[in-house]
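Colleague:
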Amino acid sequence: MSRKSWTDEQGETTLIDDYAKQSADFIAAMADGKIDKSEVDAQEAKLVAIMNKIEPTLDDQQHAAITELLCEMSVYSVMQMLHAAYESRMSQGVSGLKL
2 MSRKSWTDEQ GETTLIDDYA KQSADFIAAM ADGKIDKSEV DAQEAKLVAI MNKIEPTLDD
62 QQHAAITELL CEMSVYSVMQ MLHAAYESRM SQGVSGLKL
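Position 6 of the sequence shown, counted from 1, bears residue number 7 in this note's numbering, the numbering being contiguous throughout.
(1) Just checking my contact of Gly-50 with Glu-40 at CB under 8 angstroms: how many whole Å lie between their CB atoms?
(2) Suppose the cutoff is 7 angstroms on Cβ atoms and the five residues either side in sequence are ignored; what does the same chain contact list for Tyr-20 look like?
(3) Who are the near neighbours of Ile-36 in its chain, counting only those whose CB is closer than 7 angstroms to its CB and skipping five residues on each side?
(4) Rounded C-beta distance between Gln-44 and Asp-26? I'm assuming under 8 angstroms.
(5) Check Thr-14 in the structure and name its three-state DSSP category.
(6) CA-CA distance, Met-82 and Leu-59?
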């Protein structure tokens, strides 16, 4: 399997979301246009299994770098989701998105 770059050719934009949207799990989960709790739980179980498989193979430096990467990716994903929700509300003339 060839290595997929994490960023575009300029190294400025992440490609991970694009790859995620092409995954069979994501396509199947989105087939009905909604994500239910069982689908979230199944994806979390898959994620935890992969983490448990990979984590023991990392040295301390790799572990620290990948932990930072995973945390920043989670922050980015949540920020994207909140921004999209805010933009959607603003386009509908509703202000003051609060969590």
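All residues carry an ideal CB built from backbone N, CA and C; glycine is no exception.
In this text, all values refer to a predicted model and were calculated from it rather than measured experimentally.
Modeller: With the given structure in hand:
(1) Note on residue identity: the sequence assigns Ala, not Gly, to residue 50. Contact flag wrong, Cβ pair sits at about 16 angstroms.
(2) Lys-5
(3) Ala-30
(4) 7 angstroms
(5) coil
(6) 30 angstroms
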